[in-house]
Structure formats: structure tokens, C-alpha cells
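In this text, residue positions in the sequence shown follow the working numbering: the first is 573, and each later residue adds one. In this text, a Cβ means the ideal position worked out from N, Cα and C, and glycines have one as well. Computed from a predicted structure; not experimentally measured. Okay, structure first, notes after.
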Amino acid sequence: MSTITSFGYVNYSHSFFSLSTDNGYVCNIPIINNQEEVVAFNKKFHEEKPQKNCNFILNNDFISKIILYPCDGTLQSLLVQRDKTNSSEITIATLDNQLVDTLKLLYYCDKIQWNPNEMGSEKIGCKQLNAIHIYDVEAGAVTQNFISNDVIDFQWDKDNENVIYTGDNYGLISIHDLRQLNETKFGQKVNKCKKCQIEMLDNFIFITTTLGDCNIYDIRNQKIVTNFKLKSQYTPKDCLPISNKHINCPIFKVKYINNLYTYVYLYGTDFIVRKFQKNMENCMEEEKLIQTRHVYSVNDFHFHPTLAILTSVSDRLDVCNLYY
573 MSTITSFGYV NYSHSFFSLS TDNGYVCNIP IINNQEEVVA FNKKFHEEKP
623 QKNCNFILNN DFISKIILYP CDGTLQSLLV QRDKTNSSEI TIATLDNQLV
673 DTLKLLYYCD KIQWNPNEMG SEKIGCKQLN AIHIYDVEAG AVTQNFISND
723 VIDFQWDKDN ENVIYTGDNY GLISIHDLRQ LNETKFGQKV NKCKKCQIEM
773 LDNFIFITTT LGDCNIYDIR NQKIVTNFKL KSQYTPKDCL PISNKHINCP
823 IFKVKYINNL YTYVYLYGTD FIVRKFQKNM ENCMEEEKLI QTRHVYSVND
873 FHFHPTLAIL TSVSDRLDVC NLYY
């Protein structure tokens, strides 16, 4: 049985998404909006095993992430892992599977991200070990890199194409200016973790660790706004094939929905929702559990681009309504 390893929504259109499987990848799939469409998709997915539908993905390759071009959505980047050499490759392709460029990486890479700013939209950040490399698609080469000790995750600044935020294994955040190659660190130290995730939304930066610590800071002054403890630690189950070692599932997602910040984090094969007002005060007496149809694990999840729906994937696709 195939498993869906990651997926991404096409940015310029709210009608399509792409997904990768342990057998290849498929793009331009009509978006899933309700449970009837979920049932139809899952039935077709398991009846028709997806094949590698392009000539630049080899038999031993594994696609761990699809990241769509953030500005006009005409390109997508695939993070390809090569088991035999323990190396990675960034493949840039059009949505109709025409190869644009590739960047071969000597070491295993666990995250890439397009620069979300229009001025820097030709650049991709790439994390390898303790280094962040900046790959320029137009130049076809890595043009900058820097070392950040114990870096686990990173995010481009949404307003400044030259600034990157990184998170380390103590939940501390560093600001890197690519023009000066300097580093400013801030945050409250938490228990040492093996994985953390940072996300930026409006004037806030969220950092959450696998040990369940979440701190929220105001980006403008780097001061903490609030913090809380997740109900459970992030413990993905080892029930998937060997390729699961490449799957880098998010810990949480956050989005501004219906005048509230909606923070959703993984809870086994389900999700827990926490909501905040615009000033980041908690507006819920208790967190809300949202159950899914996943049995073994969750490989990836995203907010629907237009509806208050959370889409998640593993050996099937599922959608959850965030209204309650």
C-alpha cells in the first residue's frame, strides 16, 4: 500500500494541490473540500497506484517534501533524498513536470524553503547539519551560506528578503542578516530537544519543540508574549516503511482564521486546536481535540487555502473542520 509523504497547495490557484508518495509524485490534483471528495480520492488513490510521472526521479529516490513557488506558483521544488549516497537534491520543475534545474547536495538535507518576498523569490534556503545554504535559482548555484550552532529549523522573514530566523535545540531564536552575516539571539531557554519548529505570522513568531514547549514572541521587540505546554510530546510512530526516516512532519501549524489565531498541533494521529485573540490572549477555556481517520501516523498537514479546514495525509487523505 502506498503512503502519501507530503503535499502542497498550488499558490496561484485555490483549485489544485500536489503530493508525493513513496513511489513518486503527482501534481495538479483537484483540491479536496469535503468528506465525499475525501472518500472518492482515497478509493482512487489505492486503486491506481501512483507512478513516477517524470524522467528526472530515479527508482531509488525518495521525495520527502514538495514546496511550491510562493509568488506566482508556476514552479515547484522537490526535496529528493538519495539512500545510496545519503545525500539530497533540490529539483525545480514546472507544474507540468518539465525540469528547470537541480542542485545536488553532498549531505542529507531535511528542509528547504522558498524566500516568500517578491524581491528575493529566486532564492531557496536549504538546511544541512548546522549550515543554511542560500541557493539562487536564476544563478543556478549556492551564493551564500552561514553556520548557526545547533540549528534545527529556519524561516525567511516575511517582509525582509535578507533576513532569516533560526531555532536551536534549546528553543532559542537567532536573527541572521545575509547582508552583514551577523547573528542576534533571543528567547527563553527550554529543555533540550531533538526537533523544534518555528513559524511566523503577522508580528508574532512561534517556536515549539518536540518536548511540548511553545513560546510566542513579538517580532518587533523580541519579547515573549505568551507560552504554554502542549498536552503531549511529539512522538511519531514507527509503523511506516523504511522510507519514513525521510518524512519530516510538522509539529504544528498556525493561521489567522475568523479573527482568531488558530494554532493546531499533532496529537498522535489526531490534532489539538488552541485559539488566541489578536493580542494573543487565550480565548478558549480548554483545547479542542479533532480526531482523524489516520491509523498509524500523520506525515504532513496544512490549512486549506480558503476554508477553515485542516488537510492531513498518511496512507490516506483526510480533512477536518476547524469550526466548532
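Beta carbon of Thr883, beta carbon of His874: below 8 angstroms? Yes; because the gap between Cβ atoms is below 8 angstroms, this pair is in contact.
For the candidate residues Ile745, Glu853, Glu858, whose alpha-carbon lies nearest to that of Val845? That would be Glu858, whose Cα lies nearest to the Cα of Val845.
Where the alpha helix (DSSP H) containing Gln794 begins and where it ends: First-last for Gln794: undefined, no H or E at that position.
How would you call Ile638, buried or exposed, if buried means at least 16 neighbouring beta carbons within 10 angstroms? Ile638 is buried by the Cβ-count criterion.
Where does Asp810 land, buried or exposed, given buried means 16+ other C-beta within 10 angstroms? Annotation note: pLDDT 41 at Asp810 (below 50); position unreliable, no value reported.
Touching or not, the segment 721-736 and the segment 746-765, by the rule of three or more beta carbon pairs under 8 angstroms? Yes, they touch.
Three-state secondary structure assigned by DSSP to Ile881: Strand, per DSSP.
Under 8 angstroms between the Cβ atoms of Tyr868 and Asp887? Yes, the Cβ-Cβ distance between Tyr868 and Asp887 is below 8 angstroms.
In the DSSP assignment, what are the bridge partners of Cys768? Thr781.
According to the Cβ coordinates, are Ser592 and Gln648 closer than 8 angstroms? In this structure, Gln648 does not lie closer than 8 angstroms to Ser592 by Cβ.
Once the 5 residues before and after Val885 are set aside, which same chain residues still bring their CB inside 6 angstroms of it? Excluding residues up to 5 positions away in sequence, Ile576, Phe579, Asn871, Asp872 lie with their Cβ nearer than 6 angstroms to the Cβ of Val885 in the same chain.
Grouping DSSP H, G and I as helix and E and B as strand, with all else coil, what is His618? Taken through DSSP and simplified to helix, strand or coil, His618 comes out as helix.
Helix, strand or coil at Gln727 according to DSSP, with G and I counted as helix: DSSP, reduced to helix, strand and coil, places Gln727 within a strand of the structure shown.
Which residues does DSSP list as the beta-bridge partners of Asp842? Residue pairing by DSSP places Asp842 opposite Tyr839 in a beta bridge.
CB contact flag (Gly739, Ile719, <8 angstroms): Result no, Cβ atoms of Gly739 and Ile719 do not sit closer than 8 angstroms.
Under a Cβ-count criterion, where at least 16 other Cβ atoms within 10 Å of its own Cβ denotes burial, should Asn787 be classed as buried or exposed? Buried, by the Cβ-count rule.
Are there 16 or more other CB atoms within 10 angstroms of the CB of Ser804, so buried, or fewer, so exposed? Exposed, by the Cβ-count rule.
CA-to-CA distance, Leu650 to Leu812, given in whole angstroms: With a pLDDT of only 39 at Leu812, under 50, the local geometry of the prediction cannot be trusted, and the value read off the model is given with reservation. Going from the Cα of Leu812 to the Cα of Leu650 covers about 21 angstroms.
Nearest CA to the CA of Gln700: which residue from Leu861, Asp682, Ala713? For Gln700, the nearest C-alpha among the options comes from Asp682.
Kindly give me the distance between the Cβ atoms of Ile823 and Thr780, rounded to whole angstroms, as I take these residues to be in contact under 8 angstroms. By a beta-carbon distance limit of 8 angstroms, Ile823 contacts Thr780. Their separation comes to about 5 angstroms.
Exposure of Asn658, with buried meaning 16 or more beta-carbon neighbours within 10 Å: With fewer than 16 other Cβ atoms from the protein chains shown falling within 10 Å of its own Cβ, Asn658 counts as exposed.
Looking at the structure shown, is Glu853 part of a helix, part of a strand, or coil, going by DSSP? DSSP places Glu853 outside both helix and strand once states are collapsed to three, so it counts as coil.
Is it buried or exposed, Val652, if we count other Cβ atoms within 10 angstroms and call 16 or more buried? So Val652 ends up on the buried side.
Measure the alpha-carbon distance for Val611 versus Thr878 and round it to whole angstroms. A direct Cα-Cα distance of roughly 21 angstroms separates Val611 from Thr878.
What do you get for Lys825, buried or exposed, if any count of 16 or more other CB atoms within 10 angstroms of its CB means buried? Buried, since its Cβ has 16 or more Cβ neighbours within 10 Å.
Tell me the rounded alpha-carbon separation between Arg654 and Asp673. Rounded to whole angstroms, Arg654 to Asp673 spans 17 angstroms at the Cα level.
How about Lys730 and Tyr742: are their beta carbons less than 8 angstroms apart? Not in contact: Lys730 and Tyr742 (Cβ atoms no closer than 8 angstroms).
What residue range is occupied by the uninterrupted beta strand (DSSP E) comprising Cys892? Per DSSP, the unbroken beta strand (DSSP E) holding Cys892 starts and ends at 889-893.
Check the C-beta distance from Leu677 over to Ser660 and give it rounded, since I have them as a contact under 8 angstroms. Correct: roughly 4 angstroms between the Cβ atoms.
Closest residue to Asn851 among Ala880, Phe776, Cys821, Asn830 (Cα-Cα distance): Just measuring C-alpha positions, the residue of Ala880, Phe776, Cys821, Asn830 sitting nearest Asn851 is Phe776.
Over the uninterrupted beta strand (DSSP E) stretch that includes Val582, give me the two end residues. In the DSSP assignment, Val582 falls outside any beta strand (DSSP E) and carries neither an H nor an E.
Expected contact under 8 angstroms - CB spacing of Met691 and Glu733 to nearest Å: Contact between Met691 and Glu733 holds, with the beta-carbon distance rounding to 5 angstroms and staying under 8 angstroms.
Relative to the C-alpha of Ile829, which residue among Ile796, Asn893, Leu861, Lys766 is closest? Of Ile796, Asn893, Leu861, Lys766, the residue nearest in Cα terms is Asn893.
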